[in-house]
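Residue numbers (the numbering used here): 14 to 216. Note that the Cβ used here is the ideal one computed from N, Cα and C, for glycine as well.
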């Protein structure tokens, strides 16, 4: 039988034949090729997981942008309705009751906007939890941290946008209410001097 030994100089641990250098070289190349293939496979797994994480981030950002757009549309519709109701109420004689109903409408619609924003934030939080769980199942800690940080930053920015929109809507509602009050005061001050308006005011 041909004697065999393990090559301890290169640390490969592959059993080599000392009488056949060609076979030894082939075994070493096969051993090195296996490790190189393992490294390539690990790189492919990391790249695929990173691509999936980027897709998740883009989807979450799109959902947040859509939620912010919905909130902006609701606020614009609210301000438009408030402006139309204030213009119609300023032309009528019962301005005090119309202004109170106008304020009630503004408060209710702002409450609806706030509730919609809270629902959007809760939905985003649930999506973040799902993303974190999926990334943890993939066992790529760095990508998980990056995804969580990006999603949290985007969610915080969306929440800030919602807060700014609600504050602007409240300021616009206050301005419209003040305009209604000023219009009512002007009508009440000027109407007695106009012939034929005294009876209308008394009604």
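How big is the Cα-Cα spacing for residue 200 and residue 177? 34 Å
Residue closest to residue 76, alpha-carbon to alpha-carbon, out of 187, 137, 87, 174: 137
Measuring straight from C-alpha to C-alpha, what distance separates residue 187 and residue 90? 16 Å
From residue 170 to residue 194, what distance separates their C-alpha atoms? 36 Å
Same chain, Cβ closer than 6 Å to residue 168, five either side skipped, listed in chain order: 137
Tell me whether residue 17 sits in a helix, a strand or coil according to DSSP, three-state version. Summary for residue 17: the model assigns pLDDT 48, below 50, so the residue's position carries little reliability; its value from the coordinates is reported in the next sentence. Three-state result, residue 17: strand.
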